[in-house]
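Peer 1:
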């Protein structure tokens, strides 16, 4: 394993590494793997594939939480108009330098809550992938955040929320409940990568019945951060 970069921000520690056997690259905070791509920038994590599938038919997507930008890259390469928001400016530097984030991805250095509260823009798809380590900060589990998401979502849009835990976990239950409180119907897809298990919570308005908006491959048991 080759260490490509090391970055510290307050008490947070980030590493970019390259695996010598296959040339793939990973973005890691602490012990949490956020991004893993091939040398060509193709995603290798199942949870990202599941989120991409859920958002595949959305022409405009807002990503809250970027890390190495695997989801932003995958969507942009398909022609999706992508806005990526992260409170860590260095994440965008890393994503462009080591993970082939396309130039056309709009990168916004901002707190996700503040950005949603201030913007008047709307998107047909929103991805929520916000963590400190493997935990979702409490401020994203509030009715206010849910209301902000709903305001930013176009009619007929979809929200894909990544949770670094299994579908029976308390965190997934909190996310699903928060989405129901704003009138969305959550559909849970468990994903797995090696020892990691994630759940992607895919949400539509109540009148929408098809949880697989993208109709892309959705692994029944696959993905992680």
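Residue numbers (our numbering): 867 to 1091. For every residue, glycine included, the Cβ atom is placed at its ideal position computed from N, Cα and C.
1. Is DSSP giving residue 1011 helix, strand or coil here?
2. What is the residue span of the beta strand (DSSP E) that residue 880 lies within?
3. Here's a check: name, in chain order, each residue in its chain whose Cβ is nearer than 6 angstroms to the Cβ of residue 948, leaving out the five neighbours to either side.
4. Please go through the same chain and pick out, in chain order, the residues whose beta-carbon is closer than 8 angstroms to the beta-carbon of residue 965, but skip the five residues on each side of it.
5. Under 8 angstroms, do residue 882 and residue 899 count as touching if we go by C-beta distance?
6. At which residue ranges does the stretch 910 to 993 contain complete beta strand (DSSP E) runs of 3 or more residues, listed in the order of the chain?
7. Classify residue 1038 as helix, strand or coil using the three-state DSSP reduction.
8. Out of 910, 1014, 984, 873, state which residue places its alpha-carbon closest to the alpha-carbon of residue 889.
9. What I want to know is whether the C-beta of residue 929 ends up closer than 7 angstroms to one or more non-hydrogen atoms of the ligand MN.
10. How many Å lie between residue 1069 and residue 905 at the Cα?
11. Under three-state DSSP, which class holds residue 1059?
12. Using CA atoms only, rank isn't needed, just tell me which of 1003, 968, 1022 is closest to residue 988.
13. Name the two residues that bound the continuous beta strand (DSSP E) containing residue 1022.
14. Could you tell me how far apart the beta carbons of residue 1034 and residue 1067 are, in whole angstroms, since I believe they sit closer than 8 angstroms?
15. With DSSP run on the structure shown, which of helix, strand or coil describes residue 1044?
16. With 16 as the cutoff for other CB atoms within 10 Å, does residue 1050 come out buried or exposed?
17. Which residues bound the beta strand (DSSP E) around residue 901?
18. Can the beta-carbon of residue 1054 be found closer than 8 angstroms to that of residue 993?
19. Find out if the Cβ-Cβ distance for the pair residue 1044, residue 991 is shorter than 8 angstroms.
Peer 2: Answer, in terms of the structure:
1. helix
2. 878 to 884
3. 927, 938, 941, 942, 971
4. 891, 893, 901, 903, 907, 934, 935, 936, 939
5. no
6. 926 to 930, 947 to 952, 972 to 975
7. helix
8. 910
9. The model on display carries no ligand, and the ligand MN is accordingly not part of it.
10. 32 angstroms
11. strand
12. 1022
13. 1019 to 1029
14. Actually they do not touch by this definition, with Cβ atoms about 13 angstroms apart.
15. helix
16. buried
17. 898 to 903
18. no
19. no
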